[in-house]
Amino acid sequence: MEGFDTIEPITVSNREKVSSILNMIDKTDYPIVVLHGKKYYGVIDARTIRQHSNIDFTKTKTGTIAERAPRLMVGESLDDVVKKFAGCRFKALPVIDENNKVIGMISLHALIKSLVDMNLIPSKKVAEVMSSPVISVHINSTIAQTITSMKLKGLRRMVVVDDKGFLKGIISIKDILEFAKSPKERHPMISSQKYSFRTLSIEPMVNVNVETITASSSLKEAALYMYKKKLASLIIVERRKPIGIITLRDLLNTYLISREVQKINISGLTGFDKNYYQDIFDMASKYYNKLNKRFSIQNLSLHITKHGYRYTVHARVMFPKKSIVVSDFAWDLTEAVFKTLESLRTAILRLKPDNKYKIIKKKKRQRKKQSGNKKAKKK
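Here the sequence shown stands for residues 1 to 379, where the numbers follow the numbering used here.
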């Protein structure tokens, strides 16, 4: 596609066994494209493998677990490309021609670089877009405590802090899984005796090389930094303490808001759950329209993740100068969305109403007063 740096995709047949591609997945940062014949079928990445870790990969075909990631069509508009990336979790998406054949891939970082080069990153400060407060875990927490927190919050990585709240690093599910392969070599508390893996401290597996940025930095600076370092997110630090986090998809959503492409974004739905898109959109619209009467809401985003039979919903509302993020979960999809929207409404109503709301209320009082005066004169 014109204007983008494309990459050559790794392709496999949908009839190949999953076990034959595991080494490929370990060596690449991007999804592997699965083909049916010569046509696009789906993609598989490391998270796909983790989600299906309970099956026998030597007997399972790639087509069985391949995910139907969005496809980028030749000649597609920039806004549509951004919307597709903003609505999914993949680091790269396949480019398809009119015959449904894969002719390349575009990475999320390449898209960010294109937005920077075209001067399309909105002129905002990081503080206006970052998610705050940061959800963190203590450095002395056990593996069990950390995994439980991640599951409850629907997160794959968490910021790690010490007793004073100072930033010590970051830990991800991937870090824990990597550590589990050779725990005795990396943890000082493990001897030749029996031990409980889940009760071990996370400290030895924390990634201390964390990239940070200040709240006063511009979005363009953050975008360039994440592109050059090939990062998915940056932690915002003030006096050594983490006060927020900004991701590549935050940048995409900010771009969409600036273009007024859409006010409500829903992402993460897969398989049969896609049938609930309109119901979820209608629920979100009701909350958006109601709250927008009192506050200047620019965008409402819902991202749904499924862990087994449990749904976690992350909701984010962006205002002109700040944003609010909440999450909740339930075993039923619509219930999870409802609980999250209610939590979001409660958080927003703690804020002071906008001036526009105060002006509207004032005008209503004036009209009511004038109406009362007119009735009194008639009597």
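We put the CB at the ideal spot given by N, CA and C, even for glycine.
Close-in-space but distant-in-sequence residues of the same chain around residue i (CB under 8 Å, 5 per side omitted)
i       : result
Met-214 : Checking the displayed sequence, the identity of residue 214 turns out to be Thr instead of Met. Excluding positions up to five away in sequence, the list reads Val-126, Ile-236, Val-237, Glu-238.
Ile-7   : Tyr-30, Ala-92, Gly-104, Met-105, Ile-106, Ser-107, Ala-110
Ile-430 : As displayed, the chain neither begins before 1 nor continues past 379, which places residue 430 out of reach and without an answer.
Asn-14  : Val-34, Leu-35, His-36, Tyr-41, Gly-42, Lys-61, Thr-62, Gly-63, Ala-66
Val-116 : Lys-220, Ala-223, Leu-224, Tyr-227
Leu-72  : Met-1, Val-81, Lys-84, Leu-93, Pro-94, Val-95, Ile-96, Ile-106
Trp-331 : Tyr-309, Arg-310, Tyr-311
C-beta atoms of residue i and residue j nearer than 7 Å
i       : j       : result
Gly-169 : Val-134 : no
Ala-67  : Val-43  : For the sequence presented, residue 67 should be read as Glu rather than Ala. Yes; because the gap between Cβ atoms is below 7 Å, this pair is in contact.
Ala-387 : Arg-198 : It is not possible to answer for residue 387, since the shown part of the chain is limited to 1 through 379.
Ile-243 : Ala-222 : no
Leu-251 : Lys-124 : no
Arg-310 : Phe-329 : yes
Leu-177 : Glu-211 : no
Leu-108 : Lys-91  : yes
Glu-12  : Thr-62  : Per the sequence presented here, residue 12 reads as Val, with Glu not at that position. Yes, Cβ-Cβ distance for Val-12 and Thr-62 is below 7 Å.
Asp-162 : Ile-147 : no
Ser-202 : Ile-173 : It should be pointed out that residue 202 corresponds to Ile in this sequence rather than to Ser. Against a cut-off of 7 Å, the Cβ pair of Ile-173 and Ile-202 comes out as no contact.
Leu-300 : Ile-264 : yes
Distance between beta carbons of residue j and residue i, contact taken as under 8 Å
i       : j       : result
Phe-166 : Met-205 : Rounded, the Cβ-Cβ distance is 19 Å, inconsistent with contact.
Tyr-255 : Ile-121 : 7 Å
Asp-385 : Leu-333 : Outside the modelled stretch of the chain, which goes from 1 to 379, sits residue 385, for which no answer is possible.
Ile-55  : Thr-28  : With 8 Å as the limit, Ile-55 and Thr-28 do not qualify as a contact, their Cβ atoms being about 22 Å apart.
His-307 : Lys-59  : About 24 Å separates the two Cβ atoms, so there is no contact after all.
Same chain, Cβ closer than 7 Å to residue i, five either side skipped, listed in chain order
i       : result
Thr-305 : Gly-154, Gly-268, Thr-312
Gln-298 : Ile-257, Met-318, Phe-319, Pro-320
Asn-100 : Lys-39, Tyr-40
Tyr-277 : Ile-266, Leu-269
Leu-291 : Ile-297, Arg-345, Ile-348
Phe-85  : Leu-93, Leu-108, Leu-111, Leu-252
Glu-128 : Lys-321, Lys-322
Thr-52  : Reading the sequence as shown, one finds His at residue 52 and not Thr. Ile-65.
Pro-353 : Arg-294, Phe-295
Contacts around residue i, its chain only, beta-carbon distance under 6 Å, and the 5 residues preceding and following it disregarded
i       : result
Ser-192 : Residue confidence is low: Ser-192 scores 48 on pLDDT, short of 50, so the model does not pin down where it sits. Its coordinate-derived value is still stated next. Excluding sequence neighbours, Ser-192 sits near nothing in its chain.
Ala-315 : Leu-302, Val-326, Thr-340, Leu-344
Phe-338 : none
Phe-4   : Ile-106, Ala-110, Ser-114
Tyr-30  : Lys-91, Ala-92
Val-74  : Asp-97
Phe-387 : Because the chain here runs from 1 to 379, residue 387 falls outside it and cannot be looked at.
Ser-217 : Val-126
Ser-149 : Val-137
Heavy atom of the ligand NAP within 6 Å of residue i beta-carbon
i       : result
Gly-154 : With respect to the ligand NAP, the structure shown offers nothing to examine, as it has no ligands at all.
Beta carbon proximity, residue i to chain B, threshold 7 Å
i       : result
Tyr-311 : Absent here is chain B; the protein component of the structure consists of one chain.
Check whether the segment 98-117 touches the segment 278-292, taking contact to mean three or more Cβ pairs, one atom from each stretch, closer than 8 Å.
no
Which parts of the segment 6-44 are runs of the beta strand (DSSP E), unbroken and 3 residues or longer, counting only runs that do not cross its ends?
11-13, 32-36, 39-44
Counting beta carbon pairs with one atom in the segment 72-80 and one in the segment 7-21, are three or more of them shorter than 8 Å?
When Cβ pairs closer than 8 Å are counted between the two stretches, the segment 7-21 is seen not to touch the segment 72-80, the count staying below three.
May I ask you to verify whether the segment 144-159 touches the segment 23-43, counting CB pairs closer than 8 Å and requiring at least 3?
no
Secondary structure, beta strand (DSSP E): runs of 3+ residues fully inside the segment 33-100:
39-44, 92-96
To test your reading of the DSSP string, which unbroken beta strand (DSSP E) runs of 3 or more residues are found completely within the segment 249-274?
264-267
Counting only runs that start and end within the segment 268-316, where is the beta strand (DSSP E) found for 3 or more residues in a row?
Every unbroken stretch of the beta strand (DSSP E) spanning 3 or more residues and falling wholly within the segment 268-316 is given here in chain order: 299-307.
At 3 residues or longer, what runs of the beta strand (DSSP E) sit wholly inside the segment 113-168?
The beta strand (DSSP E) runs of length 3 or more contained entirely in the segment 113-168 are, from start to end of the chain, 136-138, 157-161.
Can you list the alpha helix (DSSP H) stretches of 4 or more residues lying completely in the segment 318-357, in chain order?
333-349
With a floor of 4 residues, list each alpha helix (DSSP H) that falls wholly inside the segment 202-226, ordered by position along the chain.
none
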